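Below: one structure, written as structure tokens.
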Amino acid sequence: PVCGVSTRTTGGRIYGGQAARLGDFPWQVLLLGQTTAAGALLQDSWILTAAHAVYAQKEAPSSLDIRLGTLKRLSAHYTPAWAEAIFIHEGYTHGAGFDNDIALIKLKNRVAMNSNVLPICLPGKEAASFMRTDDLGTASGWGLTQRGFLARNLMFVDVPIVDHQKCTTAYRTRSWPFQGGG
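According to our numbering, the sequence shown is numbered sequentially starting from -2.
Shown next, in the form of structure tokens:
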């Protein structure tokens, strides 16, 4: 396939998230640097992530440890990649909230695709008309668990799409193109 499609089946809303299985999110990227973060493989040489996750490495992109095709944060089994450059949105201000908190990572080499490493399928322009408030979206990553520790395994949770105005009011930001919560 040209891009990845999740192999998991939707089980409705999931409180607190659950562990992903290999192949569920083949576009998922683990980023280890000053922070632990996640990203999405867009093509064979581009990753989309949050600006705050890579801000400390923007001048030294090679210091970023990039891992693809893995479920476990501490696993020795993954496909490595190396950053050539990091592009942070020009409107992002570090430490000032979530406005424009988006970045692209250009990889030094193309990533070899396999069943566990595939770019995410991006929706076309018409997709916005299909997304409705309370539809479910999926968030995945190695973020904090309910106990306050970084997840050892890749986790995911289904969250309802939130009305843009409601989210803007709650987070005092205008730059998020899509918003979810639960």
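Here a beta-carbon is modelled for each residue, glycine too, at the ideal position from N, C-alpha and C. Computed from a predicted structure; not experimentally measured.
query: Buried or exposed: N113, going by 16 or more other Cβ atoms within 10 Å of its Cβ?
result: buried
message: Cutting at 7 Å between CB atoms, please list the residues of its own chain near L61, excluding the five before and the five after it.
response: L28, G30, V51, Q54 and A80
field: Collapsed DSSP secondary structure at Q31 in the structure displayed
entry: coil
message: Using 8 Å as the cut-off, can you tell me whether the stretch 34 to 41 makes contact with the stretch 89 to 98, which would need three or more C-beta pairs spanning the two stretches below that distance?
response: no
Local Cβ density within 10 Å of L115, reported as buried at 16 or more and exposed below that: buried
- prompt: Do you know how far the Cα of G134 is from the Cα of D160?
  reply: 13 Å
Inter-residue CB distance, L101 and W43 (contact presumed, cutoff 8 Å): 6 Å
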